[in-house]
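> Residue numbers for the sequence shown follow the working numbering, beginning at 47 and rising by one. Think of the CB as a built atom: it goes at the ideal place given N, C-alpha and C, for glycine as much as any other residue. Structure below; questions to follow.
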Amino acid sequence: MQSSTIKHLAIIMDGNGRWAKERGLKRTKGHEVGAEAIRDITTYCAAHKTIETATFYAFSTENWKRPKLEVEFLMKLLDRYLKKELKTYQEHNIRFQAIGNIGAFSKALQLRIRDTEYLTRNNKSLTQILALNYGGRAEITSAVNQLIQEGKTKVTEDDISESLQTPYSDIDILIRTSGEERISNFLLWQLSYAEFYFTQTLWPDFTAKELDTILASFTQRHRRFGGL
Ligand code: IPE
Ligand code: IPE
Ligand code: MG
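This is how it looks when you write it as structure tokens:
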């Protein structure tokens, strides 16, 4: 495999609240416009030749700490997004999958998530993964617990990789918007050799054009994976 092949892209969509604040709007408006950006970036990835998977961080295990009204708004927005975007998934041949502990969501939202996964299961141009109530540490911990339940007393790296919820593949590129330069508990295992890109752009302003520039600069990076 060429080191510049991009198969799995991961994005920490950050800055919705700041985007809204700059405009004197409520934080929730930033989330709404941010959802539009997810659609644009996803359809761009579906049309891209080598990208197989795009994983978006939409709600972390730590985001429950936010005010109740904001959390409730995000849950409703997710439900609306999946309902509305089913058409996009089918038209662009995109498979939808969720990672994270969705058991903490309302029954109706869990059903919406599972239905969307089921209805798009045969789509082939791209897998869009939304990380929902997701935490990298929680994902690794539950993988290890699953292995213990299976009777393992000693585990290998492959055992852990195969027991993670994220369909197994290493991340090639991680992008975080909004100028913050941290992982915030995203895909800790899968990011081992990812190339990181931080942009000042706030998520609702992030465009396919900027992504295109990032992907072009990725081809100039020399990934060594510990070798020479
Ligand atoms: C990212 O934007 C969306 C979620 C974490 C749900 P933020 O809501 O974190 O926006 P800022 O960082 O406060 O600007
Ligand atoms: C990370 O953004 C989580 C998501 C984008 C869903 P946060 O805004 O929650 O991260 P911190 O709190 O700034 O690290
Ligand atoms: Mg944030």
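What is the rounded straight-line gap between the Cα of I221 and the Cα of I194?
So the two alpha carbons sit approximately 34 Å from each other.
> For the beta strand (DSSP E) containing Q192, name the first residue and the last one.
No beta strand (DSSP E) contains Q192, which is instead part of the alpha helix (DSSP H) from 182-195.
> Can you tell me where the alpha helix (DSSP H) with L123 in it begins and where it stops?
Here the alpha helix (DSSP H) through L123 covers 114-137.
> What does H54 pair with, by DSSP beta-bridge criteria?
Beta-bridge pairing links H54 to T99.
> Considering only the beta carbon of each residue, do L124 and L157 sit closer than 9 Å?
Not a contact, by the Cβ cut-off of 9 Å.
> Just the C-alpha distance for E185 and S209, rounded to the nearest angstrom, thanks.
Each residue's Cα considered, the two are about 9 Å apart.
> Looking at R69 and ligand 1, is the gap between the Cβ and the nearest heavy atom below 8 Å?
Because no heavy atom of ligand 1 lies under 8 Å away, the Cβ of R69 does not count as near it: no.
> In the structure shown, what three-state DSSP assignment does S209 receive?
Three-state result, S209: helix.
> If we ignore side chains and look at the alpha-carbon of each, how far apart do M47 and N139 end up?
No answer about M47 holds up, because its pLDDT of 45 lies below 50 and its placement is not dependable.
> For ligand 1, is there a heavy atom less than 8 Å away from the beta-carbon of W65?
Yes - ligand 1 has a heavy atom lying nearer than 8 Å to the Cβ of W65.
> Please check the pair A240 and I219, which I expect to be a contact at CB under 8 Å, by giving their CB distance rounded to whole angstroms.
Confirmed, about 6 Å.
> DSSP on I275, reduced to helix/strand/coil?
The chain is shown only over 47 to 274; residue 275 falls outside these bounds and no answer can be derived.
> What's the C-alpha gap between T245 and N168?
Going by the C-alpha atoms only, they are around 34 Å apart.
> Where does A240 fall in DSSP's three states?
Note: A240 maps to coil in three-state DSSP.
> Identify the continuous beta strand (DSSP E) that holds A144 and give its terminal residues.
Residues 140-145.
> Take the Cβ of G272 as the centre, count every other Cβ of all protein chains shown within 10 Å, and call the residue buried at 16 or more, exposed below.
Exposed, since its Cβ has fewer than 16 Cβ neighbours within 10 Å.
> Can you tell me the Cα-Cα spacing of L56 and T101, whole angstroms?
What sits at residue 56 in the sequence shown is Ala, not Leu. Taking the straight line from one Cα to the other gives about 5 Å.
> Say yes only if the C-beta of E226 is nearer than 8 Å to one or more non-hydrogen atoms of ligand 2, and no if none qualify.
Yes.
> Name the residue from Y90, E227, T51 whose alpha carbon lies nearest to the alpha carbon of Y135.
Among Y90, E227, T51, the Cα nearest to that of Y135 belongs to Y90.
> Any heavy atom of ligand 5 inside 8 Å of the beta-carbon of D161?
With respect to ligand 5, the structure shown offers nothing to examine, as its ligands consist of ligand 1, ligand 2 and ligand 3.
> Following the continuous beta strand (DSSP E) through I159, name the residue where it begins and the one where it ends.
First-last for I159: 153-165, but that is the alpha helix (DSSP H), not the beta strand (DSSP E).
> Looking at the secondary structure, which residues open and close the alpha helix (DSSP H) in which L257 lies?
Its alpha helix (DSSP H) spans residues 254-264.
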